[in-house]
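Sequential numbering of the sequence shown, starting at 1, is according to full-length UniProt numbering. Just so it is clear, CB atoms sit at the ideal spot from N, CA and C, and this is done for glycine as well. This structure is a prediction, so every number in the text was calculated from the model and none was measured.
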Amino acid sequence: MTTVAATEPVLTIAGLNVGYGGVPAVRDFDASVRAGEILALLGPNGAGKTTTLLAAVGALTFLSGSVTVLGEPLDRRVERNARRGLTLVPDNRGVFHKLTVSDNLRLAKRKGGAELSDVFEYFPKLKTLKGRRCGNLSGGEQQMLALAKALLARPKVLLIDELSLGLSPIAVKDLLPRLRTIADEQQMAVVLVEQHIDLALAIADSAIVLHHGRVALAGPAQELRGQREKVEAAYFGLVGDEAQRSSTGLVGDEAQRSSTGLVGDEAQRSSTGEPRESGETDAAAKVVD
Ligand SMILES: Nc1ncnc2c1ncn2[C@@H]1O[C@H](COP(=O)(O)OP(=O)(O)OP(=O)(O)O)[C@@H](O)[C@H]1O
Ligand SMILES: [Mg+2]
Numbered sequence: 001m002t003t004v005a006a007t008e009p010v011l012t013i014a015g016l017n018v019g020y021g022g023v024p025a026v027r028d029f030d031a032s033v034r035a036g037e038i039l040a041l042l043g044p045n046g047a048g049k050t051t052t053l054l055a056a057v058g059a060l061t062f063l064s065g066s067v068t069v070l071g072e073p074l075d076r077r078v079e080r081n082a083r084r085g086l087t088l089v090p091d092n093r094g095v096f097h098k099l100t101v102s103d104n105l106r107l108a109k110r111k112g113g114a115e116l117s118d119v120f121e122y123f124p125k126l127k128t129l130k131g132r133r134c135g136n137l138s139g140g141e142q143q144m145l146a147l148a149k150a151l152l153a154r155p156k157v158l159l160i161d162e163l164s165l166g167l168s169p170i171a172v173k174d175l176l177p178r179l180r181t182i183a184d185e186q187q188m189a190v191v192l193v194e195q196h197i198d199l200a201l202a203i204a205d206s207a208i209v210l211h212h213g214r215v216a217l218a219g220p221a222q223e224l225r226g227q228r229e230k231v232e233a234a235y236f237g238l239v240g241d242e243a244q245r246s247s248t249g250l251v252g253d254e255a256q257r258s259s260t261g262l263v264g265d266e267a268q269r270s271s272t273g274e275p276r277e278s279g280e281t282d283a284a285a286k287v288v289d
């Protein structure tokens, strides 16, 4: 197996443009994750989060750009990338509802992979549920099973799509710190797609906010934790093109807006939490960083 120096990223995505039927859904995406690091990938519905994960495991053909895993280019075959240590937990969790917990785990076991006893250490509750049909588990228990199955492959890079989908905030608060522990102890790089911004930033090392397929904000989680408004603005598409313009030099009203952030109706809405009307264009109300 290829090894990389501890300081080198185990996953690097550079200039990625990827989509469907030749139409890009994600544009100019860059990211890198080192062993033991968690990258939170945030963004509203349709932002391109799942597309990015699918591209990173080799399930979608890129329009352009590159993905490097453990110092080598991504293979065209998903199963090869899986053998090299890339594991995706899909948003449907990838568990077999008609099978028991035990059978789900046995099917996921790999030669040279982790032992069941190893994954039960992280998720002891699964041990007590071994004989239960997966379809009769709670959402949180199913998600534990999905993570346990993924861990059996001893991934170097674990990509998780919507860990908290359908889970109560309590279940999410329970699961995310465990993921942090797993990343630390297994020195596993994690890309985590999450809807709970604060909970994700609390356990992540870095974060990227996607909006309409573009990176609206990226940075160390430690910095972004204290910048809730900035993160929300990126999440709702209130930064981006406009910010880019600011770096090229704004004039007049545009410069004024740049210093104040939100403008007009948007500022009002932002303070009231009121959503934008459909049909309103992004260009009509953007925040300059
Ligand atoms: N199979 C597909 N064929 C065509 N377009 C697709 C396909 N899958 C996704 N898209 C489009 O690509 C864009 C990004 O979708 P993607 O599923 O990556 O978003 P997402 O951020 O994961 O959203 P969500 O939070 O709803 O899961 C959307 O505009 C979506 O409609
Ligand atoms: Mg998705």
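Write down the C-beta distance between residue i and residue j rounded to the nearest angstrom, noting that I regard them as a contact closer than 8 Å.
i	j	result
Val126	Leu145	Sequence check: residue 126 is Leu here, not Val. Between Leu145 and Leu126 the Cβ distance is about 6 Å, and since that is below 8 Å, they are a contact.
Val193	Leu53	6 Å
Gln195	Glu141	Wrong, their Cβ atoms sit about 20 Å apart, outside the cutoff.
Leu210	Ala47	4 Å
Ala119	Leu152	Ala is not the amino acid found at residue 119; the sequence shown has Val there. Confirmed, about 6 Å.
Ser32	Leu16	Not a contact, Cβ separation roughly 12 Å.
Gly36	Gln187	4 Å
Pro155	Thr87	4 Å
Out of the options, which one is the CA nearest neighbour of residue i?
i	options	result
Thr50	Arg34, Phe123, Ser66 and Tyr20	Tyr20
Ala207	Leu63, Asn81 and Asp30	Asp30
Arg34	Ile13, Asn45, Gly46 and Leu42	Ile13
Val89	Val157, Arg80, Phe62 and Ala200	Val157
Ala200	Glu223, Ser102, Arg93 and Leu41	Leu41
Arg83	Ala233, Gly113, Arg93 and Gly65	Gly113
Asn104	Asp118, Arg132 and Gln187	Arg132
Arg214	Asp28, Gly226 and Gln143	Asp28
Pro124	Arg178, Pro24, Ala183 and Ala234	Arg178
Asp205	His212, Asp184 and Val67	Asp184
Ala25	Ser168, Gly226, Thr61 and Thr68	Thr61
Ala202	Thr68, Lys109, Gly226 and Met188	Gly226
Gly94	Asn81, Lys149 and Arg77	Lys149
His97	Arg77, Gln143 and Leu238	Gln143
Ala234	Pro44, Val18 and Gly22	Pro44
Val18	Glu8, Ser64 and Val172	Ser64
Leu238	His212, Glu115 and Tyr122	His212
Leu129	Leu176, Asp91, Leu107 and Thr100	Thr100
Pro9	Asp198, Val191, Arg228 and Phe236	Val191
Glu79	Arg106, Arg110, Ser117 and Asp174	Arg110
Ala189	Val23, Gly22, Thr7 and Ile38	Ile38
Tyr122	Asn92, Leu107 and Leu176	Leu176
Asn92	Ile197, Leu167 and Ser117	Leu167
First and last residue of the beta strand (DSSP E) that includes residue i?
i	result
Ser117	Run containing Ser117: none in the beta strand (DSSP E); it sits in the alpha helix (DSSP H), Leu116 to Tyr122.
Ser102	Here Ser102 belongs to no beta strand (DSSP E); instead the alpha helix (DSSP H) covers Val101 to Ala108.
Gly65	Phe62 to Val69
Leu39	Ile38 to Leu42
Val157	Val157 to Ile160
Ala189	Ala189 to Val193
The alpha helix (DSSP H) with residue i in it runs from where to where?
i	result
Val95	That residue, Val95, is in no alpha helix (DSSP H); it is neither H nor E in DSSP.
Ser75	Strictly speaking, residue 75 in this sequence is Asp, with Ser absent from that position. Asp75 -> no alpha helix (DSSP H), and no H or E assigned at all.
Ala148	Gly139 to Leu152
Ala233	Arg228 to Tyr235
Val172	Pro169 to Gln186
Lys49	Lys49 to Ala56
Could you please give me the residues that DSSP links to residue i through a beta bridge?
i	result
Gly219	Ala207
Ser32	Thr12
Asn81	Paired residues: none, contrary to the question.
Tyr20	Val23
Thr87	Leu158
Arg133	Thr100
Arg225	Beta-bridge pairing links Arg225 to no other residue.
Taking 7 Å as the CB-CB limit, is residue i close to chain D?
i	result
Arg34	The structure shown contains no chain D; it holds only a single protein chain.
For the stretch 69-85 against the stretch 122-139, do three or more pairs of beta-carbon atoms, one drawn from each stretch, fall closer than 8 Å, so that the two count as touching?
no
Evaluate contact between the stretch 213-222 and the stretch 54-68, counting only Cβ atoms and requiring at least three cross-stretch pairs below 8 Å.
no
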